[in-house]
Amino acid sequence: MQFIADMMLALSHWIQSSTPLPGFALWLQKQWYSDIIAKTHYAIPILQTIHTLAVAMLITAVLMITLRVFMVAGKERTLAQTLHRFLPWIWWCLLVCFITGWLLALGEPPRDMTNPAFWTKMVFVPIAALITLGIQGTMTKNLVSWEAAATHRGVVAQVLAVLFFLLWLTIMALGRWIAYVNT
Amino acid sequence: MDLQPLWDKIELSPIADWVSSSPIGFPNVEVIHVIAICIVFGTVTIMDLRLLGLASGTDRVTSLSRDTLTWTWGAFLVAAISGSLLWMSKAHVYMRDPWFYIKMSLIVVAGINMAIFHAVTWKTIGHWDGGKPPRAAKIAGLSSLALWIVVIFSARVIGFTLGVYE
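Protein chains in written order, with this note's numbering: chain D, 1419 to 1601; chain H, 1082 to 1247.
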């Protein structure tokens, strides 16, 4: 935990002293579109609610795929049917999170743009999206072997599924920590 | 009745004190709370969308219920424990925030809605398990979805109103 705190502190110093982000955040805050989001009554909580609902559906979709790989849930469905059911949710929810997330950042630029937790999250999200794309590709191409791995509780499939789930949990944790990391 | 001494006592308990005074206490408990609530909402939504006939149309309702219900209850338990810890750390502040009462009341209503669905509509599941749910199931699904969305909205508003009503 101390290592993460030290890393966040170092990243915060670097953002403040070596990047144009603090100045950019202040400039952004003065723009009319930022002002509208910041001053519209309940705009931030409503955007945060939509963001949270999308995150909820995304993490549940990842959970359901993981549980199917472990043969704990969705046993009456094939892995292909499970992916067909839940992968679109991940992509649509990611799109909603992307739109609402950036609207929130536009509404509160200094809170997000100079925040090390925010930028760490912004690094992790594309990685998670690329891994989702990779899993989607490899599962579609090698569905028979993945199906067999899932049916026989293959270790590689299970480890990958757990790591994928943990990655999304980390992104959620970073999202909540944005509110607490001192910028 | 002045309950302030009770709230003070709760806030001064060792565990509440750790949550409020440790720099990582409140944020990390909140992370666990948010993850748990997200899984509650997500698993409930999978069922609600099936009841509304909007998704998982080819899955049997009993099969979906088996897949999701354990996770809904497990996550709800984690959310309740972590939520209690957050509440204990600032009990008197939460008890003055109307949004806290709105959130708690709606969770109770969502629970009653679920109980009625399981006690009444679920008895006829044999007739519609693999097909189109009856109107009562659709109403239960829609109510559940609406209630949980407002619960999450209330929870977000609490983040902005905590301390305002002191």
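Each residue gets a CB set at the ideal place from its N, CA and C atoms; glycine is no exception.
Applying the 10 Å Cβ sphere with the 16-neighbour rule, what's the burial state of residue i?
i: residue 1550 (chain D); result: buried
i: residue 1201 (chain H); result: exposed
i: residue 1194 (chain H); result: buried
i: residue 1120 (chain H); result: buried
i: residue 1527 (chain D); result: buried
i: residue 1153 (chain H); result: buried
i: residue 1186 (chain H); result: exposed
i: residue 1083 (chain H); result: exposed
i: residue 1085 (chain H); result: exposed
i: residue 1222 (chain H); result: buried
i: residue 1175 (chain H); result: buried
i: residue 1192 (chain H); result: exposed
i: residue 1525 (chain D); result: buried
i: residue 1128 (chain H); result: buried
i: residue 1552 (chain D); result: exposed
i: residue 1189 (chain H); result: exposed
i: residue 1541 (chain D); result: exposed
i: residue 1157 (chain H); result: buried
When you compare the CB of residue i with every CB in chain D, is at least one pair closer than 7 Å?
i: residue 1143 (chain H); result: no
i: residue 1148 (chain H); result: yes
i: residue 1162 (chain H); result: no
i: residue 1216 (chain H); result: no
i: residue 1124 (chain H); result: yes
i: residue 1091 (chain H); result: no
i: residue 1116 (chain H); result: yes
i: residue 1250 (chain H); result: Lying outside 1082 to 1247, the shown extent of chain H, residue 1250 (chain H) is not represented and no answer is given.
i: residue 1238 (chain H); result: yes
How many whole angstroms separate the CB atoms of residue i and residue j, which I take to be in contact at a CB cut-off of 8 Å?
i: residue 1214 (chain H); j: residue 1134 (chain H); result: 6 Å
i: residue 1546 (chain D); j: residue 1586 (chain D); result: 6 Å
i: residue 1487 (chain D); j: residue 1576 (chain D); result: 6 Å
i: residue 1464 (chain D); j: residue 1521 (chain D); result: Not quite, the Cβ-Cβ distance comes to about 10 Å (not below 8 Å), so this is no contact.
i: residue 1468 (chain D); j: residue 1514 (chain D); result: 7 Å
i: residue 1239 (chain H); j: residue 1171 (chain H); result: Residue 1239 (chain H) to residue 1171 (chain H), Cβ: 10 Å. No contact.
i: residue 1247 (chain H); j: residue 1177 (chain H); result: 6 Å
i: residue 1501 (chain D); j: residue 1492 (chain D); result: 10 Å between Cβ atoms; not a contact.
i: residue 1218 (chain H); j: residue 1132 (chain H); result: 5 Å
i: residue 1169 (chain H); j: residue 1100 (chain H); result: 7 Å
i: residue 1167 (chain H); j: residue 1107 (chain H); result: 7 Å
i: residue 1498 (chain D); j: residue 1578 (chain D); result: So it is not a contact: roughly 17 Å between Cβ atoms.
i: residue 1105 (chain H); j: residue 1419 (chain D); result: 6 Å
Taking Cβ positions only, does residue i come closer than 7 Å to chain H?
i: residue 1468 (chain D); result: no
i: residue 1491 (chain D); result: yes
i: residue 1590 (chain D); result: yes
i: residue 1510 (chain D); result: no
i: residue 1595 (chain D); result: yes
i: residue 1451 (chain D); result: no
**Item:** Residues of the segment 1519-1552 of chain D whose Cβ lies closer than 9 Å to any Cβ of chain H, in chain order
**Value:** none
**Message:** If the cut-off is 7 Å on Cβ atoms, which residues from the segment 1097-1113 of chain H count as contacting chain D, listed in chain order?
**Reply:** 1105, 1108, 1111, 1112
**Asked** Does the segment 1149-1163 of chain H come within contact of the segment 1114-1124 of chain H, defined as at least 3 CB pairs closer than 8 Å?
**Response** yes
**Asked** Is there contact here, the segment 1519-1537 of chain D with the segment 1430-1448 of chain D, by at least three beta-carbon pairs under 8 Å?
**Response** Yes, the segment 1519-1537 of chain D touches the segment 1430-1448 of chain D.
**chain D contacts from the segment 1162-1195 of chain H (Cβ-Cβ distance under 9 Å)** = For the segment 1162-1195 of chain H, the set of residues with a beta-carbon nearer than 9 Å to any beta-carbon of chain D is empty.
**Prompt:** So does the segment 1214-1233 of chain H actually touch the segment 1441-1459 of chain D, counting three or more Cβ pairs closer than 8 Å?
**Reply:** no
**Asked** Would you say the segment 1508-1516 of chain D touches the segment 1474-1490 of chain D, given that touching needs at least three Cβ pairs under 8 Å?
**Response** yes
**Message:** Three Cβ pairs or more, each shorter than 8 Å: is that satisfied between the segment 1156-1173 of chain H and the segment 1217-1234 of chain H?
**Reply:** Taking 8 Å as the limit for Cβ pairs, the verdict is that the segment 1217-1234 of chain H does not touch the segment 1156-1173 of chain H.
**Asked** So, do the segment 1581-1597 of chain D and the segment 1108-1119 of chain H have three or more beta carbon pairs nearer to each other than 8 Å?
**Response** yes
**Asked** Just by C-beta distance, which residues in the segment 1456-1480 of chain D are closer than 7 Å to chain H?
**Response** Along the segment 1456-1480 of chain D, the positions whose C-beta sits under 7 Å from a C-beta of chain H are 1463, 1466, 1467, 1470, 1471, 1473, 1474, 1475, 1477, 1478, read in chain order.
**Prompt:** Which residues, in order along the segment 1216-1236 of chain H, keep a beta-carbon less than 7 Å from a beta-carbon of chain D?
**Reply:** So the list reads 1230, 1233, 1234, given in the order they occur along the chain.
**Prompt:** Got a sec: which bits of the segment 1557-1587 of chain D sit with their beta carbon under 7 Å from any beta carbon on chain H, in order along the chain?
**Reply:** 1587
**Asked** Any residues in the segment 1194-1211 of chain H with a beta carbon nearer than 9 Å to a beta carbon of chain D? Which ones, in chain order?
**Response** none
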